[in-house]
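For reference, the structure is listed below as structure tokens.
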């Protein structure tokens, strides 16, 4: 059974700092990995999707890496801003039963202080 | 562009009452549709998914059910709510099972 762990559970940083969020998964047989952002009381917004054959993906100040063999991914946020404050969720997509399914971590709550 | 709607946004229901949550998608055809639940302190849990009209797969045994009466409509129901059904319910759609999932705004359900 796939399990996804995100560390730390919460992180508070001053504005402008670069930061790294960590995600690990137990079954390396993944199809792809996705990072989401969730604002309080809202739905999820997809940030980056990395295919299993890729090592990293970049979008603006965000960079996600994937080390499939070791079961790890990181989300790097450069020059953090107060607007980056949210919960960041990592999810891996694996094939199970008759379909591909996403397994989510519990998230990292990020607070960027002005 | 595609949009996904969920309603109601918030719902407070007594134990034992019925439930109906609705999700609709605009701007796409034959999407894969998903229902997730997010409970406090826990990750998102996939409840149901559907690859077409009338096709429902259940991931977790429970007192909830799902239906897809139209291509872009996905409904989550219960005949009798339990306290443990409280949570944040999210609907999502995707072009295919391997592709990015796009989430709706969610429905917060509190069962008292």
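Protein chains in written order, with this note's numbering: chain A, 5 to 118; chain B, 103 to 214. The C-beta atom is built at its ideal place from N, Cα and C for all residues, glycine as well. These numbers were taken from a predicted model, which means no experiment stands behind them.
When CB distances to chain B are screened at a threshold of 8 Å, the residues of the stretch 87-99 of chain A falling below it are 93, 95 and 97, in chain order.
Taking a Cβ-Cβ threshold of 7 Å, none of the residues of chain A is close to residue 183/B; the smallest such distance is about 21 Å. Flagged as an interface residue toward chain B: residue 103/A, by a C-beta distance shorter than 8 Å. Cβ contact annotation for residue 205/B (same chain, cutoff 6 Å, sequence separation greater than five): 192 and 194, in chain order. Under the 8 Å criterion on CB atoms, residue 47/A is classed as interfacial with respect to chain B.
For residue 29/A, not one C-beta of chain B is nearer than 8 Å to its own C-beta.
Unbroken beta strand (DSSP E) runs of no fewer than 3 residues, entirely contained in the stretch 34-70 of chain A, are found at 36-42, 48-55 and 60-63, following chain order. With contacts defined as CB atoms closer than 8 Å, residue 29/A and residue 75/A qualify as a contacting pair. For residue 210/B and residue 21/A, the gap between their C-alpha atoms comes out near 34 Å. Of all alpha-carbon atoms in 15/A, 34/A, 95/A and 90/A, the one lying nearest the alpha-carbon of residue 52/A is that of 95/A.
Beta-bridge annotation (DSSP): residue 26/A is paired with 11/A and 78/A. Chain B places a beta carbon closer than 8 Å to that of residue 35/A, counting this residue as a contact.
Residue 122/B is bridged by DSSP to 179/B.
A distance below 7 Å between beta-carbons, with the five flanking residues on each side excluded, links residue 208/B to the following residues of its chain, in chain order: 108, 190, 191 and 192. The shortest CA-to-CA distance from residue 112/A to any of 145/B, 158/B, 132/B and 170/B is the one to 145/B. Collapsing the DSSP output to three states places residue 186/B in a helix.
Going by C-alpha positions, residue 32/A is about 9 Å away from residue 56/A.
Not a single CB atom of chain A sits nearer than 8 Å to the CB of residue 176/B. Proximity of the stretch 146-161 of chain B to the stretch 120-131 of chain B falls short of the contact definition, fewer than three beta-carbon pairs being nearer than 8 Å. Around the C-beta of residue 133/B, 16 or more other C-beta atoms lie within 10 Å, and the residue is accordingly described as buried. Where residue 158/B is concerned, the enclosing beta strand (DSSP E) starts and stops at 157-160. In the three-state scheme derived from DSSP, where H, G and I count as helix and E and B as strand, residue 171/B is classed as strand.
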